[in-house]
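Quick look at the structure:
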């Protein structure tokens, strides 16, 4: 029991900005509140926690490690120091897991499982799998996606518990990954009420507000909004939380923008 108290939880988050994920924020806050030691590893050193070190090149780590590192160094020589530092951090993390530093591992999606699979460790630590992006085998297009899906399939049976956002996704995950539904639990997207500014962000009149959930980038913002604008009912406003200023072609009477500052 004393040995377990000295161990930590490892959070492996393969995306750039974990504070944008309500589930991850809740997990981290709960650990901090209860005094549970943890390390958080993600692509950005600024967002790592504990003794977590940045692994910035997740995409090619699921392929051949040294070959990919050499190839990427030639392709992007200005990133050579980061590429090799990433490889060192990968092996440092593998060493810490192998030496029993962690009581459990929490990771996300195929990329997170793929990283663990590349470490080729004996299954001694419980793995909790958060599923947000389902990699459907019928939609695989690139060689990287095919390799990632294969590594996910090889690792998924080692998962102790998988967490999904709703019952529909739970059934899709079970069918796609051949994972027993008994291993999958549903958790809410946002476990706690943390959006304290919701009243001040509401439109001043009595119209209803719709929150847009999805990816908007500079290259697709006009296409996305054009598509959405055709189906907004009268008396509704659409609230969009994004990095970018709204296109001038859109009327403020239909769209409400709040710019996210990271």
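Numbering (our numbering), first residue to last: 38 to 299. Using N, Cα and C, we set each Cβ at its ideal position, and we do this for glycine too.
How is the alpha helix (DSSP H) around residue i delimited, first residue to last?
i, result
"residue 209", "204–214"
"residue 124", "117–135"
"residue 70", "59–71"
Within a Cβ cutoff of 8 Å, which residues of the same chain sit near residue i, ignoring the five residues on either side of it in sequence?
i, result
"residue 86", "48, 65, 75, 76, 77"
Between which two residues does the beta strand (DSSP E) harbouring residue i extend?
i, result
"residue 200", "198–201"
"residue 140", "139–145"
"residue 166", "164–167"
"residue 245", "245–248"
Within a Cβ cutoff of 6 Å, which residues of the same chain sit near residue i, ignoring the five residues on either side of it in sequence?
i, result
"residue 172", "147, 186"
"residue 198", "165"
"residue 130", "none"
According to DSSP, is residue i helix, strand or coil?
i, result
"residue 291", "In this predicted model, residue 291 has a pLDDT of only 45, less than 50, meaning its place in the structure is not dependable enough to derive any value."
"residue 185", "helix"
"residue 48", "strand"
"residue 150", "helix"
"residue 262", "helix"
"residue 224", "coil"
"residue 56", "helix"
"residue 112", "helix"
"residue 177", "coil"
"residue 158", "coil"
Please return the same chain residues whose Cβ sits closer than 7 Å to the Cβ of residue i, not counting the five positions on each side in sequence.
i, result
"residue 288", "Bear in mind that a pLDDT of 48 at residue 288, under 50, signals an unreliable position, so the model cannot answer this."
"residue 213", "171, 173, 174"
If we call anything under 7 Å between Cβ atoms a contact, is residue i one with residue j?
i, j, result
"residue 135", "residue 158", "yes"
"residue 141", "residue 168", "no"
"residue 209", "residue 193", "no"
ask   = Is the number of C-beta pairs between the region 109–125 and the region 139–155 that are closer than 8 Å three or more?
value = No contact exists between the region 109–125 and the region 139–155.
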